[in-house]
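Working notes, beginning with the structure itself.
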Amino acid sequence: MSSRALRKAQREREEQEQLEKLQQQEEEDDDEEEYVAASTKKSAFAMLGEENEDDDDEAEELEDEGGVAIEEQPVQATPAKAPSKKKKKKKAKGKSGGATPGTPAQQTSGQKEEPMDEIDAALKQLSTSGNGAGNTAGGVNEATNEASKLLAVDTYHLHAQNEMRRLFGRAALEQGNDDDGQGAPGNVGGNRRQQRRVQQVGLAQALRGQRGQGGRAGGLASLGLRRNIFVQGKEEWPVATGGGLGMEVVEKKADGTVEYRYVHNRAYQDVQSQFESCVASMDPNRLVVLLQHNPYHISTLLQVSEIAKQDRDHATSGDLLERALFSLGRAVHSTFAKNLAEGKARLDFNRPENREFWLASWRYMQNLSMRATWRTVYEWAKLLLSLAPEDDPYAIWLVLDQYAIRSQQSLDYLNISRNATFKVVHNSLPNVQLSQALAEYRAGNKSKGQQALFTAIGRFPWVVARLMQELSIDPPPAVWGKSPRTDREKLHAELYATRAKDLWNTPEICDFLLEIASALPPEVQPAAPDTEEIQLNEARQILLSDTPPLIALIPREYTAQLTSTSDPLPPPTNLASYQTSSQPHASAAPRAAAASSAAENLRELQGLYGFFSNLFPWFGQNGAGTDGAAEAQPSEEEIERRIQASGVNEETIVQRTQRMMELQASLMGEEQEIDNGGAGGGGPPPHAQTPDGAAQAARVAEAERLRRAHVEDAGDEE
């Protein structure tokens, strides 16, 4: 019997009961009146079905297709397949057992009432079994299921093209693609960026690949371009496989989550070893050649993307990141997309293969931020948080609030941040408390926003004081003079004030902030000092942000570990699946050791090079082995101004300059010990040249430090 017939029979049953109750109303005692109330309550399922009569056809289709059992959603109006499965068994059971005393069947007589008893018993049995199953499943993993629902990822919003189409329209997007095609590498005309691409032939060829050899013939290949869960493919990308990249299930846990891992086959491991050799050679051209032969190798794509970023070619950098995510998306397990949409997919950050996905996703988020596609950025942030919500290896909680407010997802963020499971993680983070208040206010809940902001300012007044400084607002007495008490509090204050100031920088929001801060009594005690040290995941995110003033706040124990731009600050519990530097012969051990030492030094040098490149725009031109030598040297006044604007102390600049020179001298000596095939030849690499700009900056910084020390000594004598 279908669900429609079941509800129709139930309604007839209810109508007849109501008629009998009206006739016997004067004769019924109090017990019978209680029964009438119970019976009326029991028929709510049928009344609910009447309100959704238009959805009957859809419900029957779900029954035919085999939908979710009714016990998963006992309050829904459209029942699923469970009633049709169990009805035959209940019918036989009803005939043999009959009606029990106290049931509605005692008030009716004749064979016409027997089908009603069966329906009534079936509904009661389904309701009982459904509630029991729901309680059993939800009692154990209720918190996990709720958290998973909040972190469910909508893959539609992972595609930046969808948001850009919504913002600018399909016609504008297609026009932009046509313009890009006209300015492709090889065309002498075009703007300055296109001309710079013509000069960078290696990167252009690596990006475009070789579209010969058959090209794309449509069909399955074209379908594969658009069915990727992470990034939609592009026709101009090279035709090649993933090279041996795959994914497998590690464990299906009792709470319903599923752990996955990316895996590399033997061929992919060989390419990974070639990549390590290219990095050790310190020759970026070798990386470009490697990418031409292996256009979807993740590590190479990430490294060449960074080279393009250093050259200020953000379009090429973003395209290479998209290609890396496209390759990672092609390799996912068949069940990964479903579990990701349910918030139940997990990746272990301790595995290097998985960390490449985190790194590619984070850099892609930064690239998308330059396009202001905040809805896409927010969904990617949720994805990274959902893959490891307990560990949060990239400290997503430090930025999730800002992405949510910028993308108009305040309510979704409030639901996530106020979940009991996540409160334990972010309870001490001031940005979460302040952004909750701002989200409530922006959502129209002004009273809740005022109350939340009042509490947040009372707990973290030094953050609001730093924020008002960025907004050029005179702080009220309750906030004035408040300063962080620990290094971690200072880091959190700087992070939020510099990153979220534009969210508060409107007249209405500034008035809101000043009004609540002025209402706070000066004697309010702030939260207890945050005595915890700066965490590894926080340091990892700040290093990836490439912001010198923030990097200067990281403890030396982390900055000394700048070992690799392709794997920044790996966890101490690293789970290596294989060794990239194989040693097939004992005679190759010394050369392998030399190559490994050179690679480690190069990775640290690359980190320092990135630090100075962000601090001084001209760094990499002077003394970089290019025609930058012909350009004028920056003045000492300009260098001093840059140092003061960055907020990095002079002692740090001097120390890092000295370390850079030590590494360069060491690399030039170690390069002679590496095998010729690994060294790449061609003289010392660009990064091994003497950094005149950094040395000059160090001299200026040292002079400034001595001047300040002299002034302080003079003040003490007075």
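Residues 6 to 723 in the numbering used here are what the sequence shown spells out, letter by letter.
Heads up, the beta-carbon is just placed ideally off N, CA and C, and yes, glycines get one too.
Bear in mind the structure is a predicted one, so any value in this text is a computation, not a measurement.
- Shown here, Ala152 sits in a helix according to DSSP, grouped into three states.
- For the pair of segments examined, the region 344 to 351 was found to touch the region 252 to 270: the number of CB pairs separated by less than 8 Å reaches three.
- Close CB contacts of Ala581 within its chain, under the 7 Å cut and outside five residues either way in sequence, are with Pro357 (chain order).
- Sequence-distant partners of Leu416 (beyond 5 residues in either direction) whose C-beta falls short of 8 Å from its own C-beta, in its chain, are Ala444, Ala448.
- Note that the C-beta distance between Val382 and Ser391 is not below 7 Å.
- Here the C-alpha atom of Ser304 lies approximately 13 Å from the C-alpha atom of Ser366.
- Residue pairing by DSSP puts Tyr267 in a beta bridge opposite Met252.
- Per the C-alpha coordinates, the member of Ser310, Pro553, Val236 positioned closest to Ala336 is Val236.
- Restricting attention to Asp318, Gly247, Ile648, the CA atom closest to the CA of His302 is found in Gly247.
- Cα atoms of Glu641 and Glu475: separation of roughly 28 Å, rounded to the nearest angstrom.
- Pairing Val468 with Tyr501 gives a Cβ-Cβ distance under 7 Å.
- By the Cβ test, the region 429 to 446 is in contact with the region 456 to 467, since at least three Cβ pairs between them sit closer than 8 Å.
- If you check the CB distance, Glu384 and Leu163 come in under 7 Å.
- As for any alpha helix (DSSP H) of minimum length 4 sitting wholly inside the region 276 to 321, the runs are 289 to 298, 303 to 315, ordered along the chain.
- No Cβ-Cβ contact shorter than 7 Å links Ala470 with Pro527.
- Comparing alpha-carbon positions, the option among Leu295, Pro300, Asp288, Asp353 lying closest to Phe331 turns out to be Pro300.
- By the neighbour-count criterion, in which a residue is buried when 16 or more other Cβ atoms sit within 10 angstroms of its Cβ, Pro577 is exposed.
- Apart from the 5 residues on each side of it in sequence, Thr378 sits with its Cβ closer than 8 Å to the Cβ of Ala165, Glu168, Met169, Leu172 in its chain, given in chain order.
- Residue range 350 to 352 is occupied by the beta strand (DSSP E) that includes Arg351.
- Three or more Cβ pairs closer than 8 Å define a contact, and the region 610 to 623 meets that threshold against the region 548 to 558.
- A direct Cα-to-Cα measurement between Leu607 and Leu541 gives close to 22 Å.
- Inclusion of Glu562 and Asp535 in the CB contact set at 7 Å is not warranted, their separation being larger than that value.
- Ala285 sits buried, since 16 or more C-beta atoms from the chains shown fall within 10 Å of its C-beta.
- Judged by DSSP in its simplified three-state form, Lys257 adopts strand.
- Nearest C-alpha to Tyr369 among Phe354, Ala272, Arg328: Arg328.
- Between Arg380 and Ser412, the C-beta spacing is below 7 Å.
- For Ala533, the closest alpha carbon among the candidates Ser153, Phe465, Arg271 is that of Phe465.
- The C-beta separation of Ala400 from Phe354 comes to about 12 Å, leaving the pair out of contact by the 8 Å criterion.
- Here Leu388 is near Val158, since their CB atoms are less than 7 Å apart.
- For Phe624, the three-state secondary structure derived from DSSP is strand.
- Rounded to the nearest angstrom, the Cβ distance from Ile410 to Leu472 is 14 Å, too far for a contact under 8 Å.
- Residues Glu347, Gly348 of the same chain have their beta carbon placed closer than 8 Å to that of Lys154, with the five preceding and five following residues left out of the count.
- About 5 Å separates the beta carbons of Leu326 and Ser310, which is inside the 8 Å limit, making them a contact pair.
- Contact check for Leu352 against Asn359 passes: the beta carbons are separated by less than 7 Å.
- In the DSSP annotation of this structure, the continuous segment of the alpha helix (DSSP H) that includes Phe362 starts and ends at 357 to 376.
- For Tyr161, the number of other beta carbons within 10 angstroms of its own is below 16, and it is reported as exposed.
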